[in-house]
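Trainee: Numbering (this note's numbering), first residue to last: 3 to 425.
1) Helix, strand or coil: which one does DSSP assign to residue 296?
2) I want to know whether the region 281 to 290 touches the region 220 to 236 - three or more CB-CB distances under 8 angstroms.
3) Can you say whether residue 160 is buried or exposed, counting buried as having 16 or more other CB atoms within 10 angstroms of its CB?
4) Whose C-alpha, out of 310, 287 and 145, is nearest the C-alpha of residue 214?
5) Of the choices 296, 165, 103 and 172, whose alpha-carbon is the least far from that of residue 371?
6) Which two residues bound the contiguous alpha helix (DSSP H) that contains residue 216?
7) Strictly by DSSP, which residues pair up with residue 237?
8) Go ahead and label residue 393 buried or exposed: buried means 16 or more other beta carbons lie within 10 angstroms of its beta carbon, across all protein chains shown.
9) Going along the chain, which unbroken runs of the beta strand (DSSP E) with 3 or more residues stay wholly within the region 101 to 161?
10) Are the region 243 to 251 and the region 265 to 272 in contact at 8 angstroms, needing three or more beta carbon pairs?
11) Taking Cβ positions, are residue 382 and residue 389 nearer each other than 8 angstroms?
12) To the nearest angstrom, report how far apart residue 425 and residue 324 are at their CA atoms.
13) Quick one, which of 107, 77 and 180 has its alpha-carbon nearest residue 278's?
14) Between residue 180 and chain C, is any beta-carbon pair separated by less than 8 angstroms?
15) Report the option in 75, 108, 123 and 61 whose CA atom is closest to the CA atom of residue 39.
16) Have a look at residue 7 and residue 68 and give me their C-alpha separation to the nearest angstrom.
17) In or out: residue 174 buried (at least 16 other Cβ within 10 Å) or exposed?
18) Kindly indicate the opening and closing residues of the alpha helix (DSSP H) around residue 195.
19) Who does residue 401 pair with in a DSSP beta bridge?
20) Have a look at 121, 141 and 112 and flag the residue whose alpha-carbon is nearest the alpha-carbon of residue 58.
21) DSSP puts residue 374 in a beta bridge; with which residues?
22) Should residue 200 be labelled buried (16 or more other beta-carbon atoms within 10 Å of its own) or exposed?
23) Whole angstroms is fine: what's the gap from residue 76's alpha carbon to residue 303's?
24) For residue 154, does the count of other Cβ atoms within 10 angstroms reach 16, so buried, or fall short, so exposed?
25) By Cβ distance below 7 angstroms, which residues in the same chain neighbour residue 84 in space, the five residues on each side in sequence not counted?
26) To the nearest angstrom, how far is it from the Cα of residue 108 to the Cα of residue 92?
27) Measure the beta-carbon distance from residue 23 to residue 402 and round it to whole angstroms, keeping in mind my assumption that it falls under 8 angstroms.
28) Would you mind sorting residue 3 into buried or exposed? The rule is 16 or more other CB atoms within 10 Å of its CB.
29) Give every residue of the same chain whose Cβ lies closer than 7 angstroms to the Cβ of residue 365, excluding the five residues on either side of it in the sequence, and list them in chain order.
30) If you compare alpha carbons, which of 220, 251 and 191 is closest to residue 240?
31) In angstroms with no decimal places, state the Cα-to-Cα distance between residue 354 and residue 362.
32) Per DSSP, what kind of secondary structure is residue 168 in: helix, strand or coil?
33) In terms of alpha-carbon separation, which member of 396, 42 and 13 lies closest to residue 52?
34) For residue 337, is the classification buried or exposed, using 16 other Cβ atoms within 10 angstroms of its Cβ as the cut-off for buried?
35) Mind checking who residue 202 pairs with in its DSSP beta bridge?
36) Per DSSP, residue 271 forms a beta bridge with which residues?
The following block contains the structure:
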């Protein structure tokens, strides 16, 4: 944060040019990113021109400890900056193909930009470590989301292109997605390149083990995004405009997690087991003993046997009122009609204006090992505060809350529920 950099004397007040005006409850990334990058570059200039012996030693220690990913990442970012942020497949071939001589020359020629990129990562890890230390002191555990796939235009794919299905030009031959479902009638074409799982297996999944190891440096519990993809994933031809033409292909299954367990022990993992879930996916989840997800917004569209209804939970589950991909609970309920609306009110035994509070209560009261409540539901906000629309390429993840939203009465209510139900 700029405040932390001021405290460390890595900025002066003069460096903090007035930032653009941001709406109170949304983030304008187009404005905030260049503003923050300017601050980071000012901080780096001060870092290099002043004698901060302890901080410089800390920086060198960080670079040495993280070199296995940091060297490729910072070179990638420096080359991106040099080539106006275009995709790596459009760089001159000697860089796109990682010619050793060309990369050695780039490391020398772009040394200053590479050093800045290292510094930016150093600051993030340093500040995040401070956040996590404070959280641990308060018995707060941080759950992180580990995406199953990575972006095509990324240091991961550029540096390890042999692990992905790419053509001779570096373009994906097939991409990830999911078939038509609750969220989209044509499925979701994510566009991420797919792994060569057999090749990864010959390396004992070392790249994946490294991903999980790094994730555990940042968080206490990992939510495995799109868990069903480890059993079978939806393979979409790269030429297809939607995900409707894809097919299921077998994933690595338990072998991947055996390799992770052999290296890292019993890592605390949650399976995001939403979407088209087959008996095979359930069998894999049981074999691995990973807790799965229950989403209350999915609970009322069927009958009493619906697995998302609280009376059907097992202990090995994590319950959410809704996820980042859902509408807020208030917005969701306001769009319910007919039998489903009556079922919700009958199950919760409450009035319409009490539904959000009632769902928070039944989540906390359930036997699920964890209960997670989005901030929008704590604040009882409507659709205007929705975080994400799956398959929509832009306009997402812009909602934010402010300190003024965190009222004492809401904190007291959450504390009372946590105390009442032993959470």
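We put the beta carbon where it would ideally sit given N, CA and C, even for glycine. Note that the structure is a prediction, hence the values are computed from the model and not measured.
Mentor: Taking the structure as given:
1) DSSP places residue 296 in strand when its eight states are reduced to three.
2) yes
3) buried
4) 145
5) Residue 296 is the option with its Cα nearest to residue 371.
6) 208 to 220
7) 178 and 249
8) buried
9) 145 to 148
10) Too few Cβ pairs lie closer than 8 angstroms, so no.
11) A distance of 8 angstroms or more separates the beta carbons of residue 382 and residue 389.
12) 19 angstroms
13) That would be 180, whose Cα lies nearest to the Cα of residue 278.
14) The structure shown has no chain C; it contains just one protein chain.
15) 123
16) Between residue 7 and residue 68, the C-alpha separation is close to 22 angstroms.
17) buried
18) From DSSP, residue 195 is part of no alpha helix (DSSP H) but of the beta strand (DSSP E) over 190 to 195.
19) 28
20) 121
21) 322
22) exposed
23) 48 angstroms
24) buried
25) If the five residues before and after residue 84 are omitted, its C-beta is found closer than 7 angstroms to the C-beta atoms of 112, all from its own chain and listed in chain order.
26) 16 angstroms
27) Wrong, their Cβ atoms sit about 15 angstroms apart, outside the cutoff.
28) exposed
29) 298, 321, 323, 373 and 375
30) 191
31) Approximately 14 angstroms between the Cα atoms of the pair.
32) strand
33) 13
34) exposed
35) Paired residue(s): none; residue 202 is not in a bridge.
36) 224
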